[in-house]
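J.:
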DNA sequence: AACTCCGGTCACAAATATTGACCAGCACCA
DNA sequence: TGGTGCTGGTCAATATTTGTGACCGGAGTT
């Protein structure tokens, strides 16, 4: 309590952690990654990301817009198209976010093996063998279901 | 639809996004950052991070352990001490996570200005001026309260 | 004897995420 | 002329996650 000479002690932690919660958010990362390539329209992103609900997409985009990372442009065309693009700030965010996404992608198989091993050593070796053979998980959902059953 | 030559198209997206949800999680980031410096014990972390409930700390640590990023060691001493440390995988995760945390810390003031500006241009300029003068927000909670009032 | 710290777990309440329906306008197709 | 689908959303209800406070046993402290 009386001691906090740590580099990231309480006062900063609070504000940083709040922002981290948004910036490191699952959907935020995916949206930033998507917009990094090129600006997109609403449903275009929805389709590409896949698995995101309209509401979450709307909400996350609105938050990102508020934070000044995404610019929202309404083209008053026949069917009103709304284009989302990364601002300079958003583009600077894309750097660490991309790093995180790349790490995630690179270590995904390893983590699935770890999970299987943790959940029950029984079939873990088999799964590990499978992974060795295939180099990558064929359909990640299968593994997820397996672990859910065990939990 | 018929076109998805994108580097991160749907099938992978699902698995990646699930993992991103954990890896980019607010508490995960803070825990990894804390453990990056040195291994810690349970209540030690709880005190240092501050604002995390026991349950969330337990839960997050358990998840990290399952994913093989954190090693849990129980010292069967007089009061059983539990030490958490980053595994090699965890340490490799610390790299992008640190990058994200650093970005967050660096751009925190800017984002607070953006938010204030978005919420109501009225006091935004004043806030911006304040920020210019101080170089950093004195107490972030104040700004948060302001924006909450507006929403 | 009463209190506190250790590392949790449990049940419950509150916040948050996701689902699915719906909206209005226009285009395409038959 | 009516059915279908696309545009970018909003809304209510529900599922999931997160946070709260109490409790646990054992040991040391006062």
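Chains as they are written, first to last, in my numbering: chain A, 33 to 183; chain B, 33 to 183. Ideal Cβ placement from N, Cα and C applies to all residues, glycine included.
My output table needs one value for residue 117 of chain A: the three-state DSSP class, helix, strand or coil.
T.: strand
J.: Identify, in the order they occur along the chain, each residue of the same chain with its Cβ nearer than 8 Å to the Cβ of residue 78 of chain A, setting aside the five sequence neighbours on each side.
T.: 84, 86, 89
J.: Specify the secondary structure class of residue 138 of chain A as computed by DSSP and reduced to three states.
T.: helix
J.: Assign residue 138 of chain B to one of two classes, buried (16 or more other C-beta atoms within 10 Å of its C-beta) or exposed (fewer than that).
T.: exposed
J.: Beta-carbon within less than 7 Å of residue 171 of chain A's beta-carbon, same chain only, minus the 5 sequence neighbours each way: which residues are those?
T.: For residue 171 of chain A, the predicted model reports a pLDDT of 45, less than 50, meaning its position is unreliable; a value from the coordinates is still stated below. Hits under 7 Å: none found.
J.: Taking 8 Å as the CB-CB limit, is residue 86 of chain A close to chain B?
T.: no
J.: Cβ of residue 128 of chain A within 8 Å of Cβ of residue 140 of chain B?
T.: no
J.: Looking at chain B, is there any beta carbon in it that lies within less than 8 Å of the beta carbon of residue 47 of chain A?
T.: yes
J.: What are the start and end residues of the alpha helix (DSSP H) that includes residue 103 of chain B?
T.: That residue, residue 103 of chain B, is in no alpha helix (DSSP H); its beta strand (DSSP E) goes 102-107.
J.: CB-CB under 7 Å to residue 69 of chain A, same chain, minus the five flanking residues each way: which ones, in chain order?
T.: none
J.: Who are the neighbours of residue 128 of chain B on chain A, taking C-beta pairs under 7 Å?
T.: 128, 131, 132, 135
J.: Suppose you measure from the CA of residue 103 of chain B to the CA of residue 151 of chain B; what does that come to, to the nearest Å?
T.: Their Cα atoms are separated by approximately 44 Å.
J.: Starting from residue 81 of chain B, trace the alpha helix (DSSP H) in both directions and tell me its first and last residue.
T.: Residue range 74-81 is occupied by the alpha helix (DSSP H) that includes residue 81 of chain B.
J.: Can you give me the Cβ contacts of residue 97 of chain A inside the same chain, cut-off strictly under 6 Å, excluding the 5 residues immediately before and after it?
T.: Correct list, in chain order: 104.
J.: Could you check if residue 47 of chain B is buried or exposed, using at least 16 other CB atoms within 10 Å of its CB as the buried criterion?
T.: Within a 10 Å sphere around the beta-carbon of residue 47 of chain B sit 16 or more other beta-carbons, which makes this residue buried.
J.: Would residue 66 of chain A be called buried (16 or more neighbouring beta carbons within 10 Å of its own) or exposed?
T.: buried
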